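The next block holds one structure in the form of structure tokens; read it before the comments.
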Amino acid sequence: MYKMIVSDLDESLLQDDGRVSKRDIETIHKLRDEGVKFVPNTGRGFASVQALLAEIGTKDLAGQYVISYNGGAIVENAGNRIMVEHALPFAVADELFRLAMAEGDLCAHVYTFHHVYVANINEPEKEYLMNRGVEYEMIDAQDLSAFQNRPIAKVIFQHLDYGVRERFYEKAKAAIATPMTITYSSNRYVEFNPAGIDKGIAALTLGEQIGVAKDEIIALGDNSNDLSMLQQVGLGVAVANAIPAVKRAAGLVLPVTNNDDPITALYDAVFK
59 MYKMIVSDLD ESLLQDDGRV SKRDIETIHK LRDEGVKFVP NTGRGFASVQ
109 ALLAEIGTKD LAGQYVISYN GGAIVENAGN RIMVEHALPF AVADELFRLA
159 MAEGDLCAHV YTFHHVYVAN INEPEKEYLM NRGVEYEMID AQDLSAFQNR
209 PIAKVIFQHL DYGVRERFYE KAKAAIATPM TITYSSNRYV EFNPAGIDKG
259 IAALTLGEQI GVAKDEIIAL GDNSNDLSML QQVGLGVAVA NAIPAVKRAA
309 GLVLPVTNND DPITALYDAV FK
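If you're matching positions, the sequence shown starts at 59 in our numbering and goes up one per residue.
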């Protein structure tokens, strides 16, 4: 029997308007009543998903959790207690940021464990962040010297052209010798996490800490930063709008997109 669902947010659980459908909220409540934990497993910071947790009924609850920063932090919702955290080496984060700012057309996000900072924002990104209720502070800098004594969970860079993101990915890999975990997400970001940190490892780590076995975990996702969790848990599930690689890795491909009650479709396929 499955005891935990770890779910990506954007383009997986959340509709295009950034909200969870009413039917899926009801289904998540039903799952909780049946003893199944529902854990957001997201690239976002845990502070930015508090409204979502309130919607699905797990905000401030002991024994309920969030995995943030693509696995960079595991947090218990009661008091936002950080159980596990992994920081990107400052020198790596700083060099990535410098490289991106030199490009001129990349929007940068710097995630500390409690705040989001954005540089060189563009109008599509402003709209995207506002749509998803992400709070952030603008910075105007060419380096991260102001963050030297602050742990950085990850840095990500936004551009709507995949070719631009891919070129920066290759440039960063060539310039920085330190191993990193690099993924794409939301058809707009290339993300840089500490080496050995991903959503899959975090899901298994949380499972170990709360007594849920690997085979008792379901993971739902749509993009390349979700692949690790789909491949490592008991059942990987893809929404219909997932990229081809995610669909190939999934044990179950839902017949619905993120806009059509994916958690309810998952419940009907697996739990009913």
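Don't be surprised by glycine CBs; every beta carbon is placed ideally from N, CA and C.
Computed from a prediction, not measured in an experiment: that's the story for all the values here.
Nearest to Glu134 by C-alpha distance, out of Asn317, Ala149 and Asp118, is Asp118. For Ala298, the three-state secondary structure derived from DSSP is coil. Linking Val78 to Ala149 through their CA atoms gives a straight-line distance of about 38 Å. Asn189 counts as exposed, since fewer than 16 other beta carbons sit within 10 angstroms of its beta carbon.
The DSSP assignment places complete alpha helix (DSSP H) segments of no fewer than 4 residues inside the region 226-308 at 257-268, 285-290 and 302-307, in order along the chain. Looking from the CA of Gly121, the closest CA among Ala105, Val97, Lys80 and Val222 belongs to Val97.
For the pair Gly191 and Arg102, the Cα-to-Cα distance works out to about 11 Å. The region 105-146 contains, as complete beta strand (DSSP E) runs of 3+ residues, the segments 123-126, 131-134 and 139-143 (chain order).
Straight through space, the alpha carbons of Asn283 and Ile301 are spaced by roughly 11 Å. In the three-state scheme derived from DSSP, where H, G and I count as helix and E and B as strand, Met62 is classed as strand. By the criterion of at least three beta-carbon pairs nearer than 8 Å, the region 155-170 is in contact with the region 195-203. Classified as buried, Leu72 has 16 or more neighbouring CB atoms from the shown chains inside 10 Å of its CB. Taking Ile114 as the centre and dropping the five residues before and after it, the same chain places the C-beta of Val78, Ile83, Ile86 and Phe96 closer than 7 Å to its C-beta, in chain order.
Assigned with DSSP and collapsed to three states, Phe171 falls in coil, not helix or strand. Rounded to whole angstroms, the separation of the alpha carbons of Lys272 and Gln290 is 8 Å. Note on Asp280: 16 or more other CB atoms within 10 angstroms of its CB, so buried under the neighbour-count rule.
Secondary structure note for Ala211: its beta strand (DSSP E) is the uninterrupted segment Ile210 to Gln216. Take the alpha-carbon of Ile255 and the one of Gly129: they are about 6 Å apart.
Distance check between Gly265 and each of Ile132, Glu195, Ser70 and Leu111 places Ile132 closest, using alpha-carbon atoms only.
If you check the CB distance, Lys257 and Met287 come in under 8 Å.
Judged by DSSP secondary structure, Lys95 falls outside any alpha helix (DSSP H) and instead within the beta strand (DSSP E) spanning Lys95 to Pro98.
Residue environment analysis places Met62 among the buried positions, since at least 16 neighbouring C-beta atoms fall within 10 angstroms of its C-beta. By the Cβ neighbour-count rule, Leu218 is exposed, with fewer than 16 other Cβ atoms within 10 Å of its own.
In the structure shown, the three-state DSSP call for Ala177 is strand.
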